[in-house]
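Comments concern the structure below.
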Ligand SMILES: [Cu+2]
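Set out below in structure tokens:
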């Protein structure tokens, strides 16, 4: 091989491997990156049903696009090294000892620091701009959406192994499916009656821990009507895998009809429920002492 001849011919004859690798990498990036953004990108989850899902989708596309050149650099270097730096001939010979390279070290340090710190700023700004991006923020949310004052409060109660939903502005009625009006800010109050669960409304882009004695608030604004799934996303015991239900985003008129029906149908049951509260404890309260 010419490389082997070049090595034996002295350092001056060594091809410029760095330039070659950078060229192959730039070409590969120029081809693959647009495919990742415009061909793969639209299929990256979680869809576009709510403001939060749209935002999460956008963030996923940005992160995948940023990761693409990095993955390509690793693959190009790997392929190049296997092809060019392999041992030629029968004798097993060590490569030249390397004692450091200021330029590579500085580039590596600056590039990785800029990427990580840039993403931290990007992520924080995104969380604040989207009312917590669908995540649980505890009882006093720092990131509130602009229209949070008009939000519809919906309590999500987890217990082994089912979900119930309570609507405090509709007489505290409790339902087994989660129905929501479209184009309205929703303020979820997630809590638990026993162990730790996690409320995951997949197509709505909401995920928030359900903890006994805690009122975990998460915001969401659905933009499209249709069904969505609700699952528990925290291993919570034997039937954790069975802890799922369904939900629907409805037009204003359909939601009004549905909630009125629920209030009427469950009136007798609602009377038996404890009054609406941010958290509930088993009664009588069990103490270890
Ligand atoms: Cu659970």
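Residue numbers (the numbering used here): -13 to 275. Backbone N, C-alpha and C define an ideal beta-carbon position, used for all residues, glycine too.
**Asked** Near residue 261, what residues of its chain come up, given a Cβ to Cβ distance below 8 Å and the 5 sequence neighbours on each side ignored?
**Response** Counted from its first residue, the chain shown places residue 261 at position 275. Closer than 8 Å at Cβ, skipping near neighbours: 158.
**Message:** For the structure I just gave you, are there three or more beta carbon pairs, one from the region 193 to 212 and one from the region 168 to 180, closer than 8 Å?
**Reply:** yes
**Asked** When every heavy atom of ligand 1 is checked, does at least one fall within less than 7 Å of the C-beta of residue 227?
**Response** As a first step, residue 227 must be located in the chain shown, where it is residue number 241. No; taking the cut-off as 7 Å, the Cβ of residue 227 has no heavy atom of ligand 1 nearer than that.
**Message:** Applying the 10 Å Cβ sphere with the 16-neighbour rule, what's the burial state of residue 251?
**Reply:** Here residue 251 corresponds to residue number 265 of the chain shown, with the count starting at 1. Classification for residue 251: exposed.
**Message:** As an exercise, report each continuous alpha helix (DSSP H) stretch of at least 4 residues that is fully enclosed by the region 66 to 144, in chain order.
**Reply:** 88 to 115
**Cβ-heavy atom distance, residue 43 to ligand 1, below 7 Å** = Reading the chain shown from its first residue, position 57 is the one you call residue 43. No, since every heavy atom of ligand 1 falls outside the 7 Å radius drawn around the Cβ of residue 43.
**Asked** Going by beta carbon distance, what residues of the same chain come within less than 7 Å of residue 219, once the five residues before and after it are set aside?
**Response** Here the question's residue 219 lines up with position 233 in the chain shown. Excluding positions up to five away in sequence, the list reads 184, 186, 193.
**Message:** Can you confirm whether the region 140 to 147 touches the region 69 to 80 when touching is taken to mean that 3 or more C-beta pairs between the two stretches lie within less than 8 Å?
**Reply:** no
**Message:** Please tell me whether, using a cut-off of 7 Å, the distance from the CB of residue 144 to the nearest non-hydrogen atom of ligand 1 is below it.
**Reply:** The sequence position of residue 144 within the chain shown is 158, counting from 1. Flag set: Cβ of residue 144 near ligand 1.
**Prompt:** Got a sec? Which residues, its chain only, sit under 8 Å from residue 43 by beta carbon, not counting five neighbours each side?
**Reply:** If you number the chain shown from 1, residue 43 lands on position 57. Excluding residues within five positions, the ones whose Cβ falls inside 8 Å are 30, 31, 32, 33, 34.
**Asked** Exposed or buried, what is residue 20 when buried is set at 16 or more other beta-carbons lying within 10 Å of its beta-carbon?
**Response** For the purposes of this step, residue 20 is taken as the residue at position 34 of the chain shown. By the neighbour-count rule (16 or more Cβ atoms within 10 Å), residue 20 is not buried but exposed.
**Asked** What's the gap between the Cα of residue 67 and the Cα of residue 73?
**Response** Along the chain shown, one-based indexing puts residue 67 at 81. Along the chain shown, one-based indexing puts residue 73 at 87. Distance between the alpha carbons of residue 67 and residue 73: 10 Å.
**Asked** Which one of 91, 232, 247 has the shortest CA to CA distance from residue 156?
**Response** On the chain shown, residue 156 is found 170 positions in, with the first residue counted as 1. With distances taken between Cα atoms, residue 156 lies closest to 247.
**Prompt:** Can we count residue 220 as close to ligand 1, meaning its CB is less than 7 Å from some heavy atom?
**Reply:** Position 234 of the chain shown, counted from the first residue, corresponds to residue 220. The answer is yes for residue 220.
**Which of helix, strand or coil DSSP assigns to residue 206** = Residue mapping note: residue 206 aligns to position 220 of the chain shown, counting from 1. Note: residue 206 maps to strand in three-state DSSP.
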